[in-house]
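Presented below is the structure to which this report refers.
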Amino acid sequence: MKQVHLAVQLPAIHNVTVWSDPRSESQISIDSFIRLAQAAERGKFDFFFLAEGLRLREHKGEVYDLDVVGRPENLTVLAALAAVTDRLGLAGTVNATFNEPYEVARRLASLDLLSGGRAAWNVVTSYDAFTGENFRRGGFLDEADRYTRAAEFLRTARELWDSWAEGDVLADAASGHFVREGAGRFAHRGRHFDIEGRFTTPRGPQGHPVVIQAGESDAGREFAASDADVIFSKYSRLEEARPFYADVKSRLAKYGRTHGQLKIMPTATAIVADTDEEAVAYADEITRAQVSPQTAIAHLEGVWGRDLSGYDPDGPLPDVDPEPESLVLKGHSVFRKGREETARRWRKLADERGLSIRELMIEVHGGQTFVGSPRTVADAIDHYVQSDGADGFVLVPHLTPGGLDEVVDRVVPLLQEKGVFREEYTGTTLREHLGLGAPTSPEETS
Ligand SMILES: Cc1cc2nc3c(=O)[nH]c(=O)nc-3n(C[C@H](O)[C@H](O)[C@H](O)COP(=O)(O)O)c2cc1C
């Protein structure tokens, strides 16, 4: 039987988070992050994850604030969490398009040191000139080059982490040497980076932090297969998840890697109540809060590329055509590509099923992954993993910070009873929780 891996994502930057619910507390304060992380650790989760975008989204020229905005920077938050947790992995997105490897490698090595080997890096790329404006770079990188820079970025970071060997910190009073000769020396020459010098930070307990990837495109999947320890996905329906799982795992062999070396973890939601019937009713209520009338119109505008504020969310789709060249919702990846095709598909679905705008948005952007009693949810999670839809899940609660408690207190014990989830942490590092071996150095893969 496969073991289930579980992570929690602090929900924020999309409409899964119901920040307007009276039970929601601060989305910005460290107290909320601590409560959620400690709940995950109580549940023996593998890791806590923070996503990140480098520019606030905009809607018709204003900040898009139907979803939470204004979260503090990831690695700073994770460093604070390292002090109040003991075993939980600490994962954050750090962008490989608008950063430099030296600085990112240094900060991640520091997190790994400070946390005792619990750091993980979600390597994302960013394609758009909209984000690039924040860095005076605009759209400096062609979309096709996003992953070549990311791959070289990661290779460079690994070289920097390898520039210190274990035991390089001597603190030898007799000889008067604090570090071994040669510690931190590196030189990297490549197409995107040409750097040489000394790296400031000693090797962390994991050697290399765990590397996560969330790519969807062919290049993204290939990058994950060659270089990542974990890949996230948005495929939470089993019928979509299984082909994704098979496809990504099948790419590993050509890089000399085995199935177990890359964990596939889709994001998922879990709505738990005493009975299945109650959970279904609760899930419906949550979905309607996630897809409010305003969100329904804004998402439709994202695809249509025009102002639709005059339309009734409970009425039919607009009779006007989309404007594929115009962007009214900027920085939101969902509304980036293939908008004409999406509009056609949505219109067909709405016509066939007689759906209003909001009902359509609930159909395409709403819905929960696991809904039911604790037993139903535990069985579904286990079934999904055993039938190779995933190796585990990144759960995204709709409430911050209390939204994970039901899963931790009522579902996790049932998974433990089935023998598919740890009862105690058996290791101290995230690599150990995920069953990953020692990291591979760049020269071993090239
Ligand atoms: C679970 C998940 C988490 C993601 N987190 C982030 C993130 O924090 N920041 C970001 O810029 N992109 C994030 N993405 C977007 C991906 O990095 C990626 O750009 C997207 O899946 C499209 O794939 P592609 O880049 O291969 O085209 C995430 C995607 C998924 C599925």
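Residue numbers (my numbering): 928 to 1373.
From the three backbone atoms N, C-alpha and C, an ideal C-beta is built for every residue, glycine too.
Bridge partner(s) assigned by DSSP for residue i
i       : result
GLU989  : HIS986
ILE1139 : ASN1049 and VAL1157
HIS1115 : ILE1122
ASP1099 : HIS1104
ILE1198 : VAL1298
ALA1023 : DSSP lists no partner for ALA1023.
GLY1043 : DSSP lists no partner for GLY1043.
Alpha-carbon to alpha-carbon, residue j and residue i
i       : j       : result
ALA966  : ASP1248 : 47 Å
ALA1141 : GLU979  : 12 Å
ARG1274 : GLY1229 : 15 Å
LYS1257 : HIS1226 : 11 Å
ASP948  : GLU1250 : 34 Å
GLU1060 : ASN1022 : 15 Å
VAL1199 : PRO1301 : 6 Å
TRP946  : GLY1354 : 35 Å
LEU933  : ALA1092 : 31 Å
VAL880  : LEU1189 : What the structure shows of the chain is the stretch from 928 to 1373, and residue 880 is not part of that stretch, so it cannot be assessed.
THR1024 : THR1003 : 20 Å
THR1367 : SER1153 : 11 Å
LEU1363 : ASP1013 : 19 Å
THR1372 : ARG1184 : Confidence at THR1372 is low in this model, with a pLDDT of 48, below 50, so its placement is unreliable and the value that follows should be read with caution. Cα-Cα distance, rounded: 10 Å.
PHE1297 : ALA1210 : 9 Å
LEU963  : ILE957  : 10 Å
VAL1324 : ASP1099 : Per the sequence shown, the amino acid found at residue 1324 is Pro instead of Val. The alpha-carbon atoms of PRO1324 and ASP1099 are separated by roughly 49 Å.
SER1378 : GLN1343 : For the chain, the structure presents residues 928 to 1373; residue 1378 sits outside this window and is missing.
GLN930  : SER1053 : 33 Å
GLU989  : GLN1221 : 15 Å
SER1037 : ARG1082 : 18 Å
TYR1029 : TYR1311 : 39 Å
ALA1086 : HIS1115 : One detail in the question is off: residue 1086 reads as Glu in this sequence, not Ala. One C-alpha to the other measures close to 8 Å.
ILE1122 : PRO1129 : 18 Å
Nearest residue (CA-CA) to residue i, options the options
i       : options                               : result
ALA1010 : PHE1348, GLY1016, SER1042 and HIS1259 : SER1042
GLU1252 : GLY1265, ASP1241, ASP1246 and HIS1259 : GLY1265
VAL1255 : GLY1242, SER1236 and TRP1048          : SER1236
ARG982  : HIS1259, ASP1246 and VAL1106          : HIS1259
ARG1073 : ALA1277, GLU1149 and GLU1333          : GLU1149
MET928  : LEU1015, HIS941 and ASP1309           : ASP1309
GLU1166 : SER1314, THR1024, THR1356 and PHE1120 : SER1314
GLY1131 : LEU937, THR1194, ALA1047 and ARG1337  : ALA1047
LEU1005 : HIS986, ASP994, LYS987 and ARG1034    : ARG1034
SER1090 : THR1075, GLU952 and GLU1108           : GLU1108
PHE1262 : ASP1055, LEU977 and PHE974            : ASP1055
ASN1026 : LEU1040, ASP992, GLU1079 and LEU1015  : GLU1079
THR1356 : ARG1169, ILE1139 and HIS1135          : HIS1135
THR1196 : PRO1220, GLY1187 and SER1163          : SER1163
LEU1374 : GLY1187, PRO999 and VAL1312           : Nothing can be reported for residue 1374: it is not among the residues displayed for the chain, which extend from 928 to 1373.
ILE940  : LEU1326, GLU1351 and ARG1178          : LEU1326
HIS1186 : GLY1094, GLU1290, ALA1151 and VAL1218 : ALA1151
Residue i beta carbon near ligand 1 (any heavy atom closer than 6 Å)
i       : result
THR1194 : yes
SER947  : no
LYS1161 : yes
VAL1051 : yes
SER1144 : yes
THR1075 : no
GLU1359 : no
GLY1187 : no
GLY1147 : yes
GLY980  : yes
THR1020 : yes
ALA1216 : no
ALA1141 : yes
Continuous alpha helix (DSSP H) stretch holding residue i: start and end
i       : result
TRP1048 : Run containing TRP1048: none in the alpha helix (DSSP H); it sits in the beta strand (DSSP E), 1046-1051.
THR1058 : 1056-1059
ASP1203 : 1203-1217
PHE1262 : Run containing PHE1262: none; DSSP gives neither H nor E here.
VAL1321 : That residue, VAL1321, is in no alpha helix (DSSP H); its beta strand (DSSP E) goes 1319-1322.
TRP1088 : 1073-1088
GLU1350 : It is not in any alpha helix (DSSP H) - GLU1350 carries neither H nor E in the DSSP assignment.
LEU1008 : 1001-1009
MET928  : Premise fails: MET928 is in no alpha helix (DSSP H) and is neither H nor E.
GLY1229 : 1220-1231
Residue i, enclosing beta strand (DSSP E) - first and last residue
i       : result
LEU1193 : Checking the sequence shown, residue 1193 turns out to be Pro, not Leu. Taken as a continuous stretch (DSSP letters only), the beta strand (DSSP E) holding PRO1193 covers 1190-1195.
ALA1152 : It is not in any beta strand (DSSP E) - ALA1152 instead sits in the alpha helix (DSSP H) that spans 1145-1154.
PHE975  : 974-977
HIS932  : 932-936
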